[in-house]
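Here the structure is laid out as structure tokens; the discussion comes afterwards.
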Ligand code: SF4
Ligand code: ZN
Ligand code: ZN
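Pasting the structure below:
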């Protein structure tokens with residue numbers, strides 16, 4: 654085994670995209686450095702609501718942001734979990750998050766979807782006849798923003814990784830989904846508080862699932878191992894497997910694809926969507942009809958459910 658780039662100890666991993674062999678301690682430092690770099694680049698200060706599902710990405714994010722907040726007085730964090738009502742899976746996820754937040758001394762807010770909006774994700778997907786992950790995405794985005802806004806948070810942090818982001822963009826390219834390309838989000842979306850829009854930060858945007866998994870293992874962070882039962886059949890799975898062979902050929906290909914699209918996006922002349930406040934809930938929307946995606950979805954559920 655090779656030696657770590659920064660010390661005499663054996664490397665436990667070689668990050669191929671950077672040709673970087675690292676021991677356990679230097680990997681942890683490197684990982685934290687990558688997260689910190691994103692926070693510094695966007696001058697993130699204030700209170701961050703960290704969205705935690707119980708999966709490895711968001712649990713690694715919570716741990717790393719908590720470590721940073723211990724040494725950075727200007728950053729405070731609170732964990733946030735949504736119980737989506739997905740059978741046993743949601744209960745197990747909630748238990749893992751609760752236990753870990755307590756262990757590291759972070760305040761946790763738990764939001765029970767059934768109690769707050771009257772329906773679970775399986776119920777909404779069934780009644781609206783839309784794919785579960787599509788409805789789940791709409792609901793989570795709305796809930797994160799609403800809870801963060803109502804509780805005075807400056808940012809919501811979410812655990813997107815480069816595997817997810819690059820797969821969504823690759824799928825968009827291969828299916829001529831130009832809307833997704835035009836709307837491609839980077840690691841940071843600024844707040845627009847007059848529009849009730851809290852800022853979004855995605856500190857693991859350029860970190861891979863493998864790096865998040867390794868960080869979780871090295872820090873003994875508990876995670877929910879099973880996959881969400883509703884994820885089976887999601888079309889992104891098919892596109893995800895394409896990366897295996899591309900990454901063997903070019904280990905930096907995922908990062909390069911995302912950077913290329915974001916660069917192209919910044920050069921495109923597109924009409925910036927006008928944000929308006931939803932006529933029903935008051936939260937921001939780009940919809941010309943003035944009703945946000947969440948409220949439209951709920952209208953559909955109530956209509957079909959009657
Ligand atoms: Fe929601 Fe789909 Fe994720 Fe399950 S896999 S939690 S339904 S987005
Ligand atoms: Zn080392
Ligand atoms: Zn609305």
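Numbering (our numbering), first residue to last: 654 to 959. Heads up, the beta-carbon is just placed ideally off N, CA and C, and yes, glycines get one too.
Nonlocal neighbours in the same chain, by C-beta distance under 8 Å from residue i, ignoring five residues either side
i: residue 918; result: 834, 835 and 837
Same chain, Cβ closer than 6 Å to residue i, five either side skipped, listed in chain order
i: residue 947; result: 791 and 795
i: residue 760; result: 731
i: residue 862; result: 814 and 816
i: residue 848; result: 928 and 937
Per-residue burial, residue i [other beta carbons within 10 Å of its own, 16 or more giving buried]
i: residue 798; result: buried
i: residue 880; result: exposed
i: residue 710; result: buried
i: residue 655; result: exposed
i: residue 724; result: exposed
i: residue 907; result: buried
i: residue 660; result: exposed
i: residue 852; result: buried
i: residue 846; result: exposed
i: residue 597; result: Shown here, the chain extends from 654 to 959; a query on residue 597 therefore has no answer.
i: residue 672; result: exposed
i: residue 749; result: buried
Proximity to residue i [Cα-Cα], best of the options
i: residue 950; options: 785, 689, 807 and 877; result: 785
i: residue 730; options: 741, 717 and 739; result: 717
i: residue 808; options: 700, 696, 679 and 766; result: 700
i: residue 909; options: 944, 858, 934 and 924; result: 858
i: residue 756; options: 715, 816, 952 and 684; result: 715
i: residue 884; options: 679, 830 and 775; result: 775
i: residue 677; options: 671, 934, 688 and 663; result: 663
i: residue 713; options: 824, 812, 845 and 956; result: 812
i: residue 954; options: 803, 783, 750 and 679; result: 783
i: residue 930; options: 941, 921, 920 and 924; result: 941
Expected contact under 8 Å - CB spacing of residue i and residue j to nearest Å
i: residue 739; j: residue 764; result: Rounded, the Cβ-Cβ distance is 14 Å, inconsistent with contact.
i: residue 669; j: residue 856; result: Not quite, the Cβ-Cβ distance comes to about 22 Å (not below 8 Å), so this is no contact.
i: residue 876; j: residue 707; result: 7 Å
i: residue 681; j: residue 871; result: 6 Å
i: residue 737; j: residue 773; result: 7 Å
i: residue 800; j: residue 733; result: 6 Å
i: residue 822; j: residue 911; result: 6 Å
i: residue 675; j: residue 658; result: 6 Å
Any non-hydrogen atom of ligand 4 closer than 7 Å to residue i Cβ
i: residue 739; result: Looking at this structure, you won't find ligand 4 anywhere; what it does contain is ligand 1, ligand 2 and ligand 3.
DSSP-derived helix/strand/coil call for residue i
i: residue 783; result: coil
i: residue 900; result: helix
i: residue 849; result: coil
i: residue 801; result: helix
i: residue 927; result: coil
i: residue 968; result: Given that the chain is displayed from residue 654 to residue 959, the structure contains no residue 968 and the question cannot be resolved.
i: residue 663; result: strand
i: residue 736; result: strand
Cut-off 7 Å between Cβ atoms - residues of its own chain near residue i, not counting five sequence neighbours on either side
i: residue 869; result: 709, 712, 713 and 876
i: residue 943; result: 929, 931 and 932
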